[in-house]
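Enquirer: Before anything else, here's the structure in question.
In the working numbering, the protein residues as written are 8 to 333.
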């Protein structure tokens, strides 16, 4: 999916690195034999032009193909990228790579035609030198774009690999209410860790399979555990990107004596997250082994009680979502 697609973006070389790579290849080209010295040089010049064109244009085409098109990105990813860099500049830089690739191909075709019509070694070498100069100038003109795209690549690799097309449940609630224990009970060891952009926290993305449905579960410690209104603007926008994911929030309440937060304060957090993200929410009370029941869904990750009831609710919801998205 999108996250893994970001991982497949190749390293972005600098202008001089691209030129050095191509010149290194063409320097090795030698025509083993020909009818005459002029024919030998002509063949070598044509091969050098074709080789340089192939190396550079294939690399630029690969970059354009592997960098994701913003038109194809899910809104969740697009929102995060828009916080990381100028998306319009990103599109312009990729289009410049595409245009430069086309220009180099056109110049190669035109130069080869002239070489084929040429008669002397001097003329062949003059045309080759001119071709090298024009191509080098075009590649060097992309210096700032290549540096920028390299930075974009680094930013993209930081984005968590969330699959926005899977039935998804996001675990929320005040700190230490049992979110990670529930995550473990639901998904076991099938969990990936990723840093959430513009926060100091990691999120945990796990998966479970029930009734032929693959369900994605996201634990958000340090993210959806305190009021969004208390975040800075960038953090708030990053958290609001979660609105783009079609998901249900499992909000965990802790009514035990161990809780550092009153039930009223947890209720306020519940209401703020609901109003901020505008999603369906499942109320779940944790630590059933050490507290009195308040909520309808009452679980103990420690004793594995209530987990089946929660799972049945999730599976029903996931089945509905899966049917609606067909």
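We put the beta carbon where it would ideally sit given N, CA and C, even for glycine.
In angstroms with no decimal places, state the Cα-to-Cα distance between residue 26 and residue 60.
Expert: Residue 26 and residue 60: Cα-Cα distance of roughly 11 Å.
Enquirer: Ends of the alpha helix (DSSP H) at residue 66?
Expert: Residues 44 to 73.
Enquirer: Less than 8 Å between the beta carbons of residue 245 and residue 211, yes or no?
Expert: Not in contact: residue 245 and residue 211 (Cβ atoms no closer than 8 Å).
Enquirer: Relative to the C-alpha of residue 285, which residue among 256, 271 and 274 is closest?
Expert: Measuring from the Cα of residue 285, the nearest candidate turns out to be 256.
Enquirer: With respect to the beta strand (DSSP E) encompassing residue 275, which residues constitute its N-terminal and C-terminal limits?
Expert: Premise fails: residue 275 lies in the alpha helix (DSSP H), 270 to 284, not in any beta strand (DSSP E).
Enquirer: Which ranges does the beta strand (DSSP E) cover as unbroken runs of at least 3 residues, wholly within the stretch 173 to 239, from first to last along the chain?
Expert: The qualifying runs are 175 to 179, 198 to 202, 209 to 217 and 220 to 226.
Enquirer: Could you compute how far the alpha carbon of residue 73 sits from the alpha carbon of residue 16?
Expert: Going from the Cα of residue 73 to the Cα of residue 16 covers about 5 Å.
Enquirer: In the DSSP output, which residue or residues are listed as bridge partners for residue 290?
Expert: Beta-bridge pairing links residue 290 to 258.
Enquirer: Starting from residue 111 and walking both ways along the alpha helix (DSSP H), at which residues does that stretch end?
Expert: Its alpha helix (DSSP H) spans residues 94 to 124.
Enquirer: For residue 129 and residue 83, I'd like the C-alpha separation in whole angstroms.
Expert: The straight-line gap from Cα to Cα measures roughly 58 Å.
Enquirer: Helix or strand or just coil, what does DSSP make of residue 128?
Expert: In this structure, residue 128 counts as helix in the three-state DSSP scheme.
Enquirer: Using 8 Å for Cβ pairs, my map puts residue 153 next to residue 22. What's the rounded Cβ distance?
Expert: Right, their Cβ atoms sit about 6 Å apart.
Enquirer: Buried or exposed: residue 93, going by 16 or more other Cβ atoms within 10 Å of its Cβ?
Expert: Burial call: exposed.
Enquirer: Is the Cβ-Cβ distance between residue 175 and residue 225 less than 8 Å?
Expert: Yes. Within cutoff.
Enquirer: I need the boundaries of the alpha helix (DSSP H) containing residue 154, first residue and last residue.
Expert: Residue 154 -> alpha helix (DSSP H) spans 150 to 163.
Enquirer: Just verifying my parser: in three-state terms, what is the DSSP assignment at residue 22?
Expert: Here residue 22 sits in helix by DSSP.
Enquirer: What are the complete beta strand (DSSP E) segments, minimum 3 residues, inside the stretch 290 to 320?
Expert: Whole beta strand (DSSP E) segments, 3+ residues: zero.
Enquirer: What separation, rounded to the nearest whole angstrom, lies between the Cα atoms of residue 77 and residue 312?
Expert: Going from the Cα of residue 77 to the Cα of residue 312 covers about 45 Å.
Enquirer: What is the DSSP secondary structure of residue 40, reduced to helix, strand or coil?
Expert: Here residue 40 sits in coil by DSSP.
Enquirer: If the criterion is Cβ atoms closer than 8 Å, does the pair residue 38 and residue 51 meet it?
Expert: Yes. Within cutoff.
Enquirer: Among 145, 165, 96 and 279, which has the Cα closest to the Cα of residue 87?
Expert: Here the closest residue by C-alpha is 165.
Enquirer: Pair every Cβ in the stretch 262 to 273 with every Cβ in the stretch 235 to 252, then say whether three or more of these pairs are closer than 8 Å.
Expert: Touching, no.
Enquirer: Are any of the Cβ atoms in chain D nearer than 8 Å to that of residue 197?
Expert: Protein chains in the displayed structure number just one, and chain D is not present.
Enquirer: Less than 8 Å between the beta carbons of residue 177 and residue 118, yes or no?
Expert: No, the Cβ-Cβ distance between residue 177 and residue 118 is not below 8 Å.
Enquirer: Around the Cβ of residue 107, are there at least 16 other Cβ atoms within 10 angstroms (buried) or fewer (exposed)?
Expert: Its Cβ being crowded by 16 or more others within 10 Å, residue 107 is buried.
Enquirer: Going by the CB atoms, is the gap between residue 36 and residue 142 shorter than 8 Å?
Expert: No, they are not a contact pair.
Enquirer: Residue 304 and residue 316: beta carbons closer than 8 Å?
Expert: Taking 8 Å as the Cβ cut-off, residue 304 and residue 316 qualify as a contacting pair.
Enquirer: Let's see if you can read the secondary structure: which residues bound the alpha helix (DSSP H) around residue 89?
Expert: Residues 82 to 91.
Enquirer: Measure from the alpha carbon of residue 126 to the alpha carbon of each residue in 44, 161, 148 and 90, then state which is nearest.
Expert: Measuring from the Cα of residue 126, the nearest candidate turns out to be 44.
Enquirer: Is it buried or exposed for residue 9, if we count other Cβ within 10 angstroms and need 16 for buried?
Expert: The pLDDT assigned to residue 9 is 44, lower than 50, so where the model puts this residue is not dependable; a value taken from the coordinates is nonetheless given after this. The residue in question, residue 9, is buried, as its Cβ has 16 or more Cβ neighbours within 10 Å.
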